[in-house]
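Enquirer: One structure is given below, represented as structure tokens, and several questions about it will come after.
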Amino acid sequence: MGRYVIRRLLQMIPVFFGTTLLIFLMVNVMGDPIAGLCGERQCDPATAAQLRSEFGLDKPVWQQYLTYMGNVFTGDFGTAFNGQKVTELMATAFPITIRLTIVALLFEIVIGISLGVVTGLRRGRPIDTTVLILTLVVISIPTFVTGLLLQLLLGVKWGIIHPSVSSQAPLDELIIPGLVVASVSLAYVTRLTRTSIAENARADYVRTAIAKGLPRRRVIIRHLLRNSLIPVVTFIGTDVGALMGGAIVTERIFNIHGVGYQLYQGILRQNSQTVVGFVTILVLVFLAANLIVDLLYAVLDPRIRYA
Amino acid sequence: MRGATQAKWAACAVVVALAATACGGGGNSSGGGGGANGIVSSSWGDPQNPLEPANTNEVQGGKVLDMIFRGLKRYDPKTGAATDMLAEKIETKDNQNFTITVKDGWTFSNGEKVTAKSFVDAWNYGALLKNNQKNAYFFGYIDGYSKVHPESGSSRANTLSGLKLVNDKTFTVKLMQKFSLWPDTLGYPAFAPLPRTFFTDHAAWVSKPIGNGPYTIDNYTKGSSMNLRKWDKYPGADKAQNGGIDLKVYTDNNTAYTDLTAGNLDLVDDVPASQLKNVKADLGDRYINTPAGIIQTLAFPFYDKKWDTPGGIKVRQGLSMAINRDQITSQIFQKTRTPASDWTSPVLGVDGGFKKGLCGAPCEYNAANAKKLIQEGGGIPGGQLKISYNADTGSHKEWVDAVCNSINKVMGNNKACVGAPVGTFADFRSQVSQQKLNGAWRAGWQMDYPLIQNFLQPVYYTDASSNDGKWSNKQFDGLVDKANAESDKAKAVSTFQDAERVLVAQMPVIPLWYQNGSAGHSDRITDVSLNQFSVPVYEQIKVK
Amino acid sequence: MDLALEEGATLEKTPGGPEGTGPAEKPRSLWSDAWRDLRRNPVFIISALIILFLVIISIWPSLIADQDPLNCNLGKAQEGSQPGHPFGFDGQGCDVYTRTVYGARNSVTVGVCATLGVTLLGGLLGGLAGFYGGLSDSFLSRITDIFFGIPVVLGGLVFLSVVPSSTVWPVIGFIVLLGWPQIARIARGSVITAKQNDYVQAARALGASNSRMMLRHIAPNAVAPVIVVATIALGTYIALEATLSFLGVGLKPPAVSWGIDISAAANYIRNAPHMLLWPAGALAITVLAFIMLGDAVRDALDPKLR
């Protein structure tokens, strides 16, 4: 087990280099960012050249990448076009987004799995149909609209929440945004749980457990649920990254200056320093999340062993 | 400021740049009591550049500069006329050499006196290539600019030879050419004076700028908020009527608007397009919709042989007549834009050179004639008109689609015109400037200063900085030169209008509509208005 | 779960499951059994009919809509239902009904093809990683991680802005490129679990070939989560197409799709909700049909339900 974890941690190194190189190249392919800095007017050639050399854009790509990586190892993630340090940006954006992600994950785990268990045990009943309809609504209406409607109703009409999240972004202000971010994933988690539960509910070990006279609740939680969780856990693992980097729409609607928003702005401005910095951290998060998921497999199903 | 839509949208609407720093400020900032000490909270977008006067080319940074700086001239927020602010007098005999005298009694908020040197140093800094100031071209009319800011290579001088300090109060300016209206350009923030500390401790200054305007910066958290407070010792007549302004950065103008309707914000200076239909119901008379110095146009590639033909004139005129401006401005923009009938803006006023209907029939919708003209001109080059725009900011898709629908209807062909989105603004701009586009593209102009010259020369003069389509016409250039040399203002304006008539005949770009500034405010504050740059006149706002 | 030995161990029929069908006549392969089950499952029949309908209007939209989706009258922008225009008009004054019908082709093509591509690629790579484990697993999984790292917006702007084509295929290709890692992770997890079952170990001991084990024993038992994720993803891919179009790199104007209309309508949600209702409703029905289909297929593959 310990060796397995160490091996996985070592594998992060090539992934780290692979991703940074890939993202670096991609931002470079997008073209010359300087043209966008001078508004509708053309930058005069001298100023443009001056700006290019200041951001190191006049060098060949491989040299830019090496310089950048060299700096990263000294803790310098570069500077955004408006003169702000990328590390500063990350220091404000990541804590906020981590809070938002935690809220969203809690929704997925608590509501998603509960609904999944209930619908899985009551297939075809009204509750199952109701949840199915909710699922369809969540999938076909863009988060932009759900977010906006919740903001209007709860924030303006009923005054229950602040329509915009303050710059400190405390947990309680992130509840509604968290629900909006989690909504589509909730649909996945619910249906994954439902299917697994339905499949395993007829398994012989469950019948045996019931036949042994174990309380129903205990059978569901200890036997049925535990065995059904592997696909759900896998999905949630893949979702962590998506929640952290992809909450662009929700972050914009609720005025959250988080990772998704900063990353989006960085991409539109074609600022490789910001984008590579943020994505690198995100990939490390995926790697960690996937490692945890793989370790959880062994906990959920003891037959799975890691050498 | 620069091009219309970039400044207006990219800056106002969504762009909260790449910044967001340590927590602090923010939250509900309405407070601080009412009356003269009341604090107004207002929506903001993060400035794209450091807040140096000669480096700020969009509205969000411009807002702050407008509060903390006063220059030699100031544009009257109502009439747009350039009036003397720090200038005691600006004299010239030949429209090329100017003698500027600075008023006594002005200081920066740190106590330093504002002298002639404060201006000369600031302008030299702004013009010098190595300082990377994006508005350096503003000093391009001053003699010696090509030495401190050459087209390529490094600068051969550190100061502008056209600027001479005479004494503490006076300096002289020599221009490269005659330019009678030049003193009226001095209201632009790039010409603001700068205190010594800007040069001696630049990093500290940028993190908390010091100026000479009615407000001082109390607290600046990059990417999140800025708190400005009334400067009690401000010597000017336009003292702040409130206790201060709290600017709050929003990720989206829709969110700012929602916060306004929920009572968490006092002022939104950019009502999102999607709310325009319900804004009257939401805000009633607290909604402001006034003309701004912005015109939107469709530009064409004259570097492409297919467009630079004699028949092309008829095609462009026909296309112009195929666009139902009235319908598009009322249905898509809810009348926050006005159909254009010349190439300037209503904010110039009739005396300033705005002339409604100057374009005449070529700018009026006429389906039958439009189709006829286009066919006479040989049809749309390539059989299909592509209108390029950037998709990342500004919701251009809606109006481009509407323009295309209008043209398609006239042509009786659903594919005669299509929108061609480009992913990012930077990519769009580089395609424009590298002359990669072979169809039309969205263009726009936001005035730098309220002069008819500014609407014409930088955009249509041969090889001018924003003449992206590379249109060139000797007659037009000659008239502009003549107008600039004219010392009588009324005559200069009418000569510029003559130049504009060349545009009617040639239709190098199609004028679409004049853009308005739209704002909404809470019932806590009164006396809210927007100036010609669609920036709120903060110092006049009163708190109940 | 220590008792989970018998799971799927036999193909014995257990009559009387909720959606079970009649008794079997003679032993057949799992896959042909499944097909037999499906044909009699009303859920399958209904969903298949809906999908058939979608396919037909995708091919011949003019069958049920006689107007031109690009013929718009800006004067009627955002207006509600009128005679001849039952669903009202959108922001450009186009007929919402006609556009919803015509939008089916692009949206259904994107949804179905992207889902198929993602499922095949992701299922294959994830399945292999899970089945072989060890070094191949490490290699494939780390590649998956790198692809996870590419932000959709960046990927779209880079890969799609260089493609001049105005068809749906670059969009589908892009979705497959960025979408497969998720299915791969799910498939890998399922295969790792299924691999532990005793009947798989038994088959291996009996000398079954790898491909036989994978197809006959592991795939049917690992496929359920993949189907669930794929059917929901189908809906999100149709929406993703709209995001890409919004970024200016998806379908090029004047293409018509539900996604484009939904995202255009989202801006008018306070003033003209009818613009959102119809394309979103069409999307919901499509997703419903595929979720039902997925459920039916999954049930048919589960011997315990028979």
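Residue numbers (the working numbering), protein chains in the order written: chain C, 1 to 307; chain P, 308 to 851; chain W, 852 to 1157. All residues carry an ideal CB built from backbone N, CA and C; glycine is no exception.
Only counting the same chain, and skipping five residues up and downstream in sequence, which positions put a Cβ closer than 7 Å to that of C:Ile176?
Expert: Leu150, Leu154, Ile161
Enquirer: List in chain order: all unbroken alpha helix (DSSP H) runs of 4+ residues lying wholly within the segment 528-584 of chain P.
Expert: 560-568
Enquirer: Using a Cβ-Cβ cut-off of less than 8 Å, give me the residues of the segment 1098-1114 of chain W that come near chain P, in sequence order.
Expert: Leu1098, Gly1099, Val1100, Lys1103, Pro1104, Pro1105
Enquirer: Extract the residue ranges of the alpha helix (DSSP H) inside the segment 42-118 of chain C, only unbroken runs of 4 or more that lie entirely within it.
Expert: 45-54, 61-73, 86-107
Enquirer: Could you tell me which chain W residues have their CB closer than 9 Å to the CB of P:Val809, listed as they occur along the chain?
Expert: Chain W residues near P:Val809: none, gap ~32 Å exceeds 9 Å.
Enquirer: Return the CA-CA distance between P:Ser730 and W:Phe1097, expressed in angstroms with no decimal places.
Expert: It should be noted that the sequence gives Gly, not Ser, for residue 730 of chain P. C-alpha separation (whole angstroms): 9 Å.
Enquirer: Examine chain C for any beta-carbon lying closer than 8 Å to the beta-carbon of W:Val969, and answer yes or no.
Expert: Judged by the 8 Å Cβ criterion, W:Val969 is not in contact with chain C.
Enquirer: Strictly below 7 Å CB to CB, what residues from chain B border W:Arg950?
Expert: Among the chains of the structure shown, chain B does not appear; the protein chains present are C, P and W.
Enquirer: Taking C-beta pairs closer than 8 Å, name the residues in chain P that W:Ala928 reaches, listed in chain order.
Expert: Gln638, Ile639
Enquirer: I want to verify the contact list: residues of chain W whose CB lies under 8 Å from the CB of P:Ile635, in sequence order.
Expert: The contact set of P:Ile635 on chain W, defined by CB atoms closer than 8 Å, consists of Leu925 in chain order.
Enquirer: Using the Cβ count rule (16 or more neighbours within 10 Å means buried), how would you classify C:Val110?
Expert: exposed
Enquirer: Can you tell me whether DSSP reads P:Gln603 as helix, strand or coil?
Expert: strand
Enquirer: Could you check whether the Cβ of P:Asn519 sits closer than 8 Å to any Cβ belonging to chain C?
Expert: no
Enquirer: Quick check on this structure: which residue in W:Gly939, W:Ser909, W:Gln1033, W:Ala1038 has the alpha carbon closest to the alpha carbon of W:Phe982?
Expert: W:Ala1038
Enquirer: Can you name, in chain order, every residue of its own chain whose Cβ lies under 6 Å from the Cβ of P:Gly551, other than the five neighbours on each side?
Expert: Answer for P:Gly551: Ile346, Leu535, Arg536, Lys537, listed in chain order.
Enquirer: May I ask which residues mark the beginning and end of the beta strand (DSSP E) holding P:Lys827?
Expert: Checking the sequence, you will find Gly at residue 827 of chain P rather than Lys. Residues 816-828.
Enquirer: Compare the beta carbon distance of P:Leu758 and P:Ser695 with 8 Å and say whether it is the shorter of the two.
Expert: no
Enquirer: Helix, strand or coil: how does DSSP classify P:Lys716 here?
Expert: helix
Enquirer: Drop a sphere of 10 angstroms on the beta-carbon of P:Thr833, count the other beta-carbons inside from all chains shown, and report buried for 16 or more, exposed for fewer.
Expert: exposed
Enquirer: So W:Leu1200 is in the alpha helix (DSSP H); what residue range does that whole segment cover?
Expert: What the structure shows of chain W is the stretch from 852 to 1157, and residue 1200 of chain W is not part of that stretch, so it cannot be assessed.
Enquirer: Going by the beta-carbon positions, is the gap between P:Met754 and P:Ser652 smaller than 8 Å?
Expert: yes
Enquirer: Kindly list, in the order they appear in chain C, the residues whose Cβ is closer than 7 Å to that of W:Ser883.
Expert: Within 7 Å Cβ-Cβ: nothing; W:Ser883 doesn't reach chain C, min ~21 Å.
Enquirer: Does the separation of the CB atoms of P:Lys396 and P:Thr408 fall below 8 Å?
Expert: Against a cut-off of 8 Å, the Cβ pair of P:Thr408 and P:Lys396 comes out as a contact.
Enquirer: From this set, C:Val299, C:Leu174, C:Tyr205, which residue's C-alpha is nearest C:Arg99's C-alpha?
Expert: C:Leu174
Enquirer: Determine, for P:Asn780, whether the minimum Cβ-Cβ distance to residues of chain C falls below 8 Å.
Expert: No, its Cβ sits nowhere closer than 8 Å to a Cβ of chain C.
Enquirer: Per DSSP, which residues does W:His936 bridge with? Please list them.
Expert: Bridge partners of W:His936: W:Gln933.
Enquirer: Report the partner residues of P:Glu398 according to the DSSP bridge assignment.
Expert: P:Thr406
Enquirer: Apart from the five residues on each side of it in sequence, which residues of its chain come closer than 6 Å, Cβ to Cβ, to P:Ala324?
Expert: Reliability of the predicted coordinates at P:Ala324 is poor, the pLDDT of 31 falling under 50, and no value is obtained from them.
Enquirer: Per DSSP, W:Gly944 forms a beta bridge with which residues?
Expert: Answer is none; W:Gly944 lacks a bridge partner.
Enquirer: Does W:Leu1011 have its Cβ less than 8 Å from a Cβ in chain C?
Expert: no
Enquirer: Of the residues W:Phe895, W:Asp1150, W:Val969, W:Leu1128, which one's Cα is nearest the Cα of W:Ala1035?
Expert: Checking every option, the nearest Cα to that of W:Ala1035 belongs to W:Val969.
Enquirer: Compare the C-beta of P:Ser348 against all C-beta atoms of chain C and say whether one is closer than 8 Å.
Expert: no
Enquirer: If we define contact as Cβ-Cβ less than 8 Å, is W:Asp946 a contact residue for chain C?
Expert: no
Enquirer: Rounded to the nearest angstrom, what separates P:Pro688 and P:Ser627 at their Cα positions?
Expert: 15 Å
Enquirer: Residues of chain W with a CB under 9 Å from the CB of P:Lys584: which are they?
Expert: Gln929, Tyr1119, Arg1121, Asn1122, Ala1123
Enquirer: Who are the Cβ neighbours of P:Lys726 in its own chain at under 7 Å, not counting the five residues just before and after it?
Expert: The question names Lys, but residue 726 of chain P in the sequence shown is Gly. Once the five neighbours on either side are set aside, the close Cβ partners of P:Gly726 are Ile694, Tyr696, Lys704, Val707, Asp708, Cys711.
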